[in-house]
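If you're matching positions, the sequence shown starts at 756 in the working numbering and goes up one per residue.
For glycine and all other residues, C-beta sits at the position ideal for the given N, C-alpha and C.
None of the values given here were measured: they were computed from a predicted structure.
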Amino acid sequence: MTRKVDLVQRFSNLLHHHLPSGENVLAKGMRHILTSPSQLIRPQLVYATNQAFHGSLDHADGAALAIEYIHSFSLIHDDLPDMDDATTRRGAPCAHRLYGNGQAILIGDALLCEAFQYILNDSNTPSIQRLMLKALSKASGYQGMTLGQSLDISPPNDLPAWIKCYQLKTGALFSAACILGALSAGMDEFKYLLKLKRIGLKLGLCFQLQDDLLDENELPSGKDKHLDQNNLIRWLGTKDTESLYNEEQSQCMSMIQSLPNPQPLITLSNTIFSRLCLTNAKN
């Protein structure tokens, strides 16, 4: 089994090889966000799910790049003054702080457009590429991540709405990463793709709940502190948020364990969950 650290190094090398060239503002801005320190969770999900179905990582490289490019696009737009109005991202100035609002929007647009070419240029069959493009465009568009961001602008007022917001904002792209990883291994059975979608949604929900709880406990979540004044904890409370997190985590791990070769995804999921140990959290 390929170790987690190997997956990170593999993708880091791949990303470095495919960084945009040139000294224009778009290329500089794209390199700025793509090379900033990151956990690279989404491309790791692509690789780990590829391994869960005994695939070749060579067939997963294009999907991993596409996922990271789209994630980076979403971060740039999310940081804009009319969205979160952030000043820093990953310990560095946000793109709009360096290049201005207009250029930041265009940098994000360029990342989004470039993402899909990596799937079209990979070594998978045209039929697999079409399925990947369909899954990724749906997950990142008005039915997925973008809808989640839209819902986040006006905070929800009940638990189902909060869960939907979190699942779409983060879970939609997690789901796409899992589905693309399976497709890169040649797995296109509906029952598995549906299960992977659910796994991704639960992982994304847990990730968002972690951010809320980390901020509540004043532990580093990687975001500007002031950005989380509106979150689920403010509505549900810390203890009930912890209970929801533990329940979703347990269900997610049970679903992962039913995959053909679950260990790579179990290892990565445990790394994600280890950002926060609720049993030791101090309120």
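Label residue i either buried or exposed according to how many other C-beta atoms from any shown protein chain fall within 10 Å of its C-beta, with 16 as the threshold for buried.
| i | result |
| --- | --- |
| S976 | Interpretation of S976 is limited by its pLDDT of 48, a score under 50 that renders its predicted location unreliable; the figure taken from the coordinates is listed afterwards. When all chains shown are included, S976 counts as buried. |
| T996 | buried |
| L770 | buried |
| C933 | buried |
| R844 | buried |
| E778 | exposed |
| N856 | exposed |
| K889 | exposed |
Measure the Cβ-Cβ separation of residue i and residue j and say whether it is below 7 angstroms.
| i | j | result |
| --- | --- | --- |
| Q1004 | C961 | yes |
| L923 | G936 | no |
| L958 | F929 | yes |
| A807 | L956 | no |
| I831 | I796 | no |
| A821 | A870 | yes |
| L987 | W917 | yes |
| S892 | L866 | no |
| Q965 | Y921 | no |
| Q799 | L853 | no |
| G817 | D913 | no |
Could you check what DSSP says for residue i in three-state terms: helix, strand or coil?
| i | result |
| --- | --- |
| T1063 | This structure does not reach residue 1063, given that the chain is present from 756 up to 1038, and the question cannot be answered. |
| P798 | helix |
| D983 | Residue placement at D983 cannot be trusted, given a pLDDT of 47 that sits under 50; what the coordinates show is reported in the next sentence. Helix. |
| T1019 | Inspection of the sequence shows that residue 1019 is occupied by Pro rather than by Thr. Helix, per DSSP. |
| W990 | helix |
Between residue i and chain B, is any beta-carbon pair separated by less than 7 angstroms?
| i | result |
| --- | --- |
| Q806 | No chain B is present in this structure, which holds just one protein chain. |
Starting from residue i, follow the alpha helix (DSSP H) in both directions and report where the run begins and ends.
| i | result |
| --- | --- |
| S892 | 881-895 |
| P915 | 914-921 |
| L928 | 927-939 |
| D995 | 993-1011 |
| K924 | K924 -> no alpha helix (DSSP H), and no H or E assigned at all. |
| A865 | 856-875 |
| R786 | 780-789 |
| H826 | 816-833 |
| S905 | 900-908 |
| L968 | 945-971 |
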